[in-house]
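**Student:** For the sequence shown, this note's numbering assigns the number 4 to the initial residue and increments by one for each residue that follows.
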Amino acid sequence: MVKRQTKFVFVTGGVLSGVGKGITAASIGRILKARGLSVNIQKCDPYLNVDAGTLNPAEHGECFVTYDGAETDLDLGHYERFMDIQLSQKSSFMSGRVLQRVIADERAGKYLGKTVQFIPHVTSAIQEEIKATADGYDVHIVEIGGTVGDYEGLSFIEAIRELSMSVGRENCAFVHVVYLPYLGASKEIKTKPAQNAVRELRGLGIVPDVLVARSEMSANGDIVDKLSLFSGVEKNAIVLLPNAKTIYEVPLTLEAKGIDDVLANRLGLKQAKSDLKEWQKVVKLATKQNKQKVRVGIVAKYLNNQDTYISVFEALQTASWHNHVDIELVWIDAEKLTSEKKVSNALSKLDGIVVPGGFGPRGTEGKILSAQYALEHKIPYLGLCLGLQVAVIAAARNFGLKGANSKELNPKAGDLVISTMDGQVGKENTGGTMRLGNYDCALSKGSLAHSLYREDVVQERHRHRYECNNDYRDQYEAWGILASGLSPDKHLVEMIEAIDHPFFLASQFHPEYNSRPNRPHPMFAGFIQSLTRA
Ligand code: GLN
Numbered sequence: 004m005v006k007r008q009t010k011f012v013f014v015t016g017g018v019l020s021g022v023g024k025g026i027t028a029a030s031i032g033r034i035l036k037a038r039g040l041s042v043n044i045q046k047c048d049p050y051l052n053v054d055a056g057t058l059n060p061a062e063h064g065e066c067f068v069t070y071d072g073a074e075t076d077l078d079l080g081h082y083e084r085f086m087d088i089q090l091s092q093k094s095s096f097m098s099g100r101v102l103q104r105v106i107a108d109e110r111a112g113k114y115l116g117k118t119v120q121f122i123p124h125v126t127s128a129i130q131e132e133i134k135a136t137a138d139g140y141d142v143h144i145v146e147i148g149g150t151v152g153d154y155e156g157l158s159f160i161e162a163i164r165e166l167s168m169s170v171g172r173e174n175c176a177f178v179h180v181v182y183l184p185y186l187g188a189s190k191e192i193k194t195k196p197a198q199n200a201v202r203e204l205r206g207l208g209i210v211p212d213v214l215v216a217r218s219e220m221s222a223n224g225d226i227v228d229k230l231s232l233f234s235g236v237e238k239n240a241i242v243l244l245p246n247a248k249t250i251y252e253v254p255l256t257l258e259a260k261g262i263d264d265v266l267a268n269r270l271g272l273k274q275a276k277s278d279l280k281e282w283q284k285v286v287k288l289a290t291k292q293n294k295q296k297v298r299v300g301i302v303a304k305y306l307n308n309q310d311t312y313i314s315v316f317e318a319l320q321t322a323s324w325h326n327h328v329d330i331e332l333v334w335i336d337a338e339k340l341t342s343e344k345k346v347s348n349a350l351s352k353l354d355g356i357v358v359p360g361g362f363g364p365r366g367t368e369g370k371i372l373s374a375q376y377a378l379e380h381k382i383p384y385l386g387l388c389l390g391l392q393v394a395v396i397a398a399a400r401n402f403g404l405k406g407a408n409s410k411e412l413n414p415k416a417g418d419l420v421i422s423t424m425d426g427q428v429g430k431e432n433t434g435g436t437m438r439l440g441n442y443d444c445a446l447s448k449g450s451l452a453h454s455l456y457r458e459d460v461v462q463e464r465h466r467h468r469y470e471c472n473n474d475y476r477d478q479y480e481a482w483g484i485l486a487s488g489l490s491p492d493k494h495l496v497e498m499i500e501a502i503d504h505p506f507f508l509a510s511q512f513h514p515e516y517n518s519r520p521n522r523p524h525p526m527f528a529g530f531i532q533s534l535t536r537a
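(1) What I want to know is whether the C-beta of residue 389 ends up closer than 6 Å to one or more non-hydrogen atoms of ligand 1.
(2) Give the secondary structure of residue 363 by DSSP, where H, G and I count as helix, E and B as strand, and everything else as coil.
(3) Using a Cβ-Cβ cutoff of less than 7 Å, which residues in the same chain neighbour residue 443 once the five nearest sequence positions on both sides are dropped?
(4) How many angstroms separate the CA atom of residue 487 from the CA atom of residue 69?
(5) Between the Cα of residue 272 and those of 183, 263 and 418, spot the shortest distance and give me the residue it belongs to.
(6) State the DSSP-derived secondary structure class of residue 45, mapped to helix, strand or coil.
(7) So, with DSSP's three-state summary, where would you put residue 118?
(8) Short of 6 Å in beta carbon distance, which residues of its chain neighbour residue 137, apart from the five on each side in sequence? Order them along the chain.
(9) With respect to 6 Å, is the separation between the Cβ of residue 361 and the closest non-hydrogen atom of ligand 1 below this value?
(10) Between 378, 250 and 286, which has its C-alpha nearest residue 3's C-alpha?
(11) Looking at the structure shown, is residue 241 part of a helix, part of a strand, or coil, going by DSSP?
(12) Please report the residue range of the alpha helix (DSSP H) in which residue 249 lies.
(13) With respect to the beta strand (DSSP E) encompassing residue 209, which residues constitute its N-terminal and C-terminal limits?
(14) Counting C-beta neighbours from all protein chains within 10 Å, is the total for residue 82 16 or more, i.e. buried, or is it exposed?
(15) Helix, strand or coil, according to DSSP, for residue 524 in the structure here?
(16) Quick one: complete alpha helix (DSSP H) runs, 4+ long, within the region 152-197?
(17) Tell me whether the beta-carbon of residue 322 lies closer than 7 Å to the beta-carbon of residue 452.
(18) Consider the Cβ of residue 42: report whether some Cβ of chain D lies at a distance smaller than 7 Å.
(19) Going by CA-CA distance only, name the one from 56, 48 and 331 that's closest to residue 439.
(20) Within 10 angstroms of the Cβ of residue 78, are there 16 or more other Cβ atoms? Answer buried if so, exposed if not.
(21) Looking only at C-alpha atoms, which of 422, 518, 98 and 532 sits nearest to residue 496?
(22) Closer than 8 Å is the cut-off here; do at least three beta carbon pairs connect the region 20-37 with the region 272-286?
(23) Contact between the region 509-528 and the region 306-315 is defined here as three or more beta-carbon pairs at a separation below 8 Å; is this criterion met?
(24) Cβ of residue 466 versus every heavy atom of ligand 1: is any distance shorter than 6 Å?
(25) Taking residue 466 as the reference, give the member of 193, 12, 215 and 65 with the closest Cα.
(26) Would the C-beta of residue 442 count as close to ligand 2, meaning under 6 Å from any of its heavy atoms?
(27) Among the candidates 99, 436, 29 and 23, whose CA atom is the shortest distance from the CA of residue 58?
(28) For residue 507, list the residues DSSP reports as bridge partners.
(29) According to DSSP, simplified to helix, strand and coil, what is residue 67?
(30) Does the beta-carbon of residue 70, which I'm using as the reference point, lie nearer than 6 Å to any heavy atom of ligand 1?
(31) I believe residue 303 touches residue 386 by the beta-carbon criterion, under 8 Å. Please report the beta-carbon distance rounded to the nearest angstrom.
(32) Quick one: measure Cβ to Cβ for residue 299 and residue 333, integer angstroms, because I've assumed they're closer than 8 Å.
(33) Excluding five sequence neighbours on each side, which residues of the same chain lie with their C-beta closer than 6 Å to the C-beta of residue 384?
(34) Looking at the structure shown, is residue 293 part of a helix, part of a strand, or coil, going by DSSP?
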């Protein structure tokens, strides 16, 4: 059998970073999938890091975790949500991983006395990573992080240029995402930076097939003529993307502009009509004004970058659309919650409270106080990973164990109700000791967790080191909580809930990674639903 040739779509960015390359790549994935094609997607980041596990979430945004435990860039979250797929270790790589491999090969004598160089050795290694991930799919989308022209990204741009030579230019499409600034003084949108960005890309040997022009204001059609003239990209292959009401509109806009057809023609894909019905429903729900509104407080450590908790944000939004309520998110600085009075001032007007994941002691006393408040005042509570750990501490403290804490937060505390498991002791700060990726969780019948999932065993993604200390498990009932989700060997607590409470649920895993705009996650859906009952 002749092996099918995978077609490649490369997405690059110009002018500045953060203009929506990830959303564009994810949207292209959705519209091509909607044509019945099998589509894979991958993010290449030119950082020298080996993976995203150690990047500061306040600067780089959330660390997204795949089912097989890769710690990746948050764009993978967009890909999973837009394309409704599960990505893997192979779906993201950074320069560090490629360089590590090249240098290891050099040490192992693989290059047989040759000089090891960026071109061709590093660029070949990058191509191998891409081809290995593309194999078996109709289309493989590759997003190159950063901005074209960045010093550190050059080997990636060169690698995709070389790849287009080796697989044939007819099997590759290049999509360049640029930004059109608006000049308030003259009230006009300027195209010069975009023109220069295309020239920069051409200078590196790549002629774009599609130009996606992001802007804050809507631009008129003349802009397309101008961009086409200066960039050499045909008018029908240029899309203007002014800020949308929701990012979920982007696939519909790209399809309405015929970008799926442009790509299909470029790549010699068969003609087909996209089926975006389900997606249209998502956009309709997302943009609908609802009568009821719920106020949800997120008690967190990082407040100035919404990307830090992007999957939690998306999961809450999705759950509210599907429950037909508007949601107002109130970001609460956990570090400021230093007394019961401050906690009550911050939380008493909320319909529900979320405590998301986190590492290190900063702000955790405020999170524990918030969980205590939610328990006492019967306010719906959703705890995610660290949010479970602080909930267990809160229940223990409310019961009277005033010294309850987690080993991570205060190793000298009297009652370490959250601690490390036997095999981890002494390795707390070393790499490779986190529980990452999918693990099974068995749900107890009759529990809130079971009633939401309606399944006996579920799989969810983890990213943590500490666990509920089994020495205290026989006290949970007295503390008013139930371990409603356990590892199948019953050794690890995966979920807890409060026994006498309208909705108090927490998980040691991160359910937010499995929420999809078309399919809200049961824990989030249940949480939002509990707020609408008030
Ligand atoms: N810091 C906690 C742990 O390592 C929780 C981690 C998280 O919330 N992702 O166990």
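Where a beta carbon is used, it is the ideal one built from N, C-alpha and C, also for glycine.
**Tutor:** Here's the rundown:
(1) yes
(2) coil
(3) 460, 462, 490 and 491
(4) 24 Å
(5) 263
(6) strand
(7) coil
(8) 9 and 143
(9) yes
(10) A question about residue 3 goes unanswered here, because the residues of the chain that appear run from 4 up to 537.
(11) strand
(12) Element bounds for residue 249: n/a, residue is neither H nor E.
(13) From DSSP, residue 209 is part of no beta strand (DSSP E); its letter is neither H nor E.
(14) buried
(15) coil
(16) 157-170
(17) no
(18) Considering every chain present, this structure includes no chain D. It has just one protein chain.
(19) 56
(20) buried
(21) 422
(22) yes
(23) yes
(24) yes
(25) 65
(26) Among the ligands modelled here, namely ligand 1, ligand 2 does not occur.
(27) 99
(28) 384
(29) strand
(30) no
(31) Contact doesn't hold; Cβ gap of about 12 Å is too wide.
(32) 7 Å
(33) 356, 377 and 507
(34) coil
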